[in-house]
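J.: Here the sequence shown stands for residues 179 to 391, where the numbers follow my numbering. Below is one structure. I have some questions about it.
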Amino acid sequence: MMPWQTQAAWVRRAVAAQAPVALDDLLLPRDLHGEIARHLLPPPHVQPRQAAALLLFYPQNDRLHLPLTLRTSHLPTHRGQVSLPGGAIDPTDASVAAAALREAHEELGIDPALVEVVGCLRSFYIPPSNFMLTPVVGLATQAPPLQPHAGEVELAFEVALDQLLDPATVVVEEWQMQGVTVRVPYYALAGQKVWGATAIALSELVARLRYEG
């Protein structure tokens with residue numbers, strides 16, 4: 179296995195390359211005929227809010243890890259789901275990256291000064307929150323102490339990049355969504371089902387890493 183510094187260089191190359199990622203490489207829900215059951219762009223008549231989320235990788239036991247959060251059950255959207263730290267971009271945010279760093283600080287207490295912003299992944303639409311989300315990829319040379327915000331985060335946990343790269347981590351189940359049977363792919367991580375927007379962002383990064391080899 180490669181040491182974390184080599185993994186970090188791999189992440190930098192993969193994000194900088196901006197290789198086109200096929201929809202088939204993303205963990206997107208599909209109907210029983212195999213057609214994609216959600217769109218990555220908003221409907222023409224919808225004006226989404228801009229949002230950002232942070233994929234922050236840092237070393238633990240010489241391997242890159244990133245933090246994920248389990249959202250509390252009383253939040254208005256995505257309650258009880260696994261999420262990346264993130265949220266709406268405020269008018270006072272200087273950039274998409276600044277918004278992602280601010281949200282990570284608010285939700286997990288991560289000091290923005292510790293984070294090297296590597297770049298962004300493709301933006302995509304999240305219907306329940308009406309967000310157009312831009313995932314921001316960052317690196318840190320040490321693991322930050324995680325201080326979950328009790329009002330938003332029920333649980334914070336870390337997963338290894340190696341786990342994301344392992345095809346055995348991906349599971350597909352048939353779920354009922356709005357009265358329709360849909361095949362939903364997710365990452366089985368730390369006893370949680372990581373699906374939806376979080377899985378889309380993570381799977382794009384995984385695809386870019388695989389393209390870089």
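Don't be surprised by glycine CBs; every beta carbon is placed ideally from N, CA and C.
Let me confirm a value: Val260 is counted as buried when at least 16 other C-beta atoms fall within 10 Å, else exposed. Which label applies?
T.: Flag for Val260 reads buried.
J.: Helix, strand or coil for Pro269 per DSSP?
T.: Pro269: coil per DSSP, three-state reduction.
J.: Helix, strand or coil: which one does DSSP assign to His223?
T.: coil
J.: Taking DSSP as the reference, what is the three-state secondary structure of His283?
T.: helix
J.: Tell me whether Ala275 is buried or exposed, calling it buried when 16 or more other Cβ atoms sit within 10 Å of its Cβ.
T.: buried
J.: Round the Cβ separation of Leu311 and Ala229 to the nearest angstrom and send it over; I've been treating them as touching at under 8 angstroms.
T.: 5 angstroms
J.: Once the 5 residues before and after Ala173 are set aside, which same chain residues still bring their CB inside 6 angstroms of it?
T.: Here the chain has residues from 179 to 391 only, and residue 173 is not among them.
J.: Skipping 5 residues on each side, what residues in its chain have a beta carbon closer than 6 angstroms to that of Val350?
T.: Arg361 and Pro363
J.: Checking the sheet assignment: what are the DSSP bridge partners for Leu248?
T.: Val260 and Leu333
J.: Would you mind reading off the limits of the beta strand (DSSP E) that contains Trp353?
T.: For Trp353, the enclosing beta strand (DSSP E) begins and ends at Val348 to Met355.
J.: Within the continuous beta strand (DSSP E) that includes Ile304, where are the two ends?
T.: Phe302 to Ile304
J.: Given this structure, state the Cα-to-Cα distance separating Ala215 from Arg208, to the nearest angstrom.
T.: 5 angstroms
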